[in-house]
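Chemist:
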Amino acid sequence: MSDLYRFGISLDRELIEAFDRHIKAQGYQSRSEALRDLIREELLRKTRMEGGLVAGAIVMTYDHHKRELVNRLIDIQHDFHDLIISTQHVHLDHENCLEVVAVKGNAPEIEKLSSALKVLVGVKHLDLSLSSAD
Ligand code: NI
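Numbering (the numbering used here), first residue to last: 3 to 136.
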């Protein structure tokens, strides 16, 4: 278990009241937990900007009836095979597919993969969610 470090911070009343309303609406039990998440998010943002190691998922839906789309999706995933841990495919209905691509690697490369998939005609929605990999 890691050591806990306690510190005090000074904030304007207006700012802390707005923060408390915000974290209460989100369901946080304490300011500490909300601050931990904010700090983690900021550190992850820095990791992404500096091209560090991240892990996450690309979630996308697409119309598999679009000509050539499925082949393009597979070709692109093979081009980036070193970043892809696994792919889960779900047939949502007669025409729509959901794919969840688990990824791990350096942030700019993963963003390149995500963009290459997102711009294809027939991809209806794509979301990239990343976490720190360490
Ligand atoms: Ni399908």
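Heads up, the beta-carbon is just placed ideally off N, CA and C, and yes, glycines get one too.
Which word fits residue 101, buried or exposed, when buried means at least 16 other C-beta atoms lie within 10 angstroms of its C-beta?
Modeler: buried
Chemist: Helix or strand or just coil, what does DSSP make of residue 65?
Modeler: strand
Chemist: When the Cα atoms are used, what is the spatial distance from residue 112 to residue 36?
Modeler: 27 Å
Chemist: Buried or exposed, going by whether 16 or more other CB atoms sit within 10 Å of the CB of residue 103?
Modeler: buried
Chemist: Are the region 70 to 85 and the region 47 to 60 touching by the rule of at least three beta carbon pairs closer than 8 Å?
Modeler: No, they do not touch.
Chemist: Confirm, please, whether the CB-CB distance from residue 117 to residue 46 is below 9 Å.
Modeler: no
Chemist: Cutting at 6 Å between CB atoms, please list the residues of its own chain near residue 90, excluding the five before and the five after it.
Modeler: Closer than 6 Å at Cβ, skipping near neighbours: 102.
Chemist: Assign residue 27 to one of two classes, buried (16 or more other C-beta atoms within 10 Å of its C-beta) or exposed (fewer than that).
Modeler: exposed
Chemist: With respect to the alpha helix (DSSP H) encompassing residue 72, which residues constitute its N-terminal and C-terminal limits?
Modeler: It spans 71 to 81 - the alpha helix (DSSP H) in which residue 72 sits, taken as one unbroken run.
Chemist: Is DSSP giving residue 111 helix, strand or coil here?
Modeler: helix
Chemist: Check residue 19 in the structure and name its three-state DSSP category.
Modeler: helix
Chemist: What I want to know is whether the C-beta of residue 93 ends up closer than 8 Å to one or more non-hydrogen atoms of the ligand NI.
Modeler: yes
Chemist: Do residue 67 and residue 124 count as a contact pair if the criterion is CB distance below 9 Å?
Modeler: Going by C-beta atoms, residue 124 is nearer than 9 Å to residue 67.
Chemist: Please report the distance separating the alpha-carbon of residue 4 from that of residue 93.
Modeler: 43 Å
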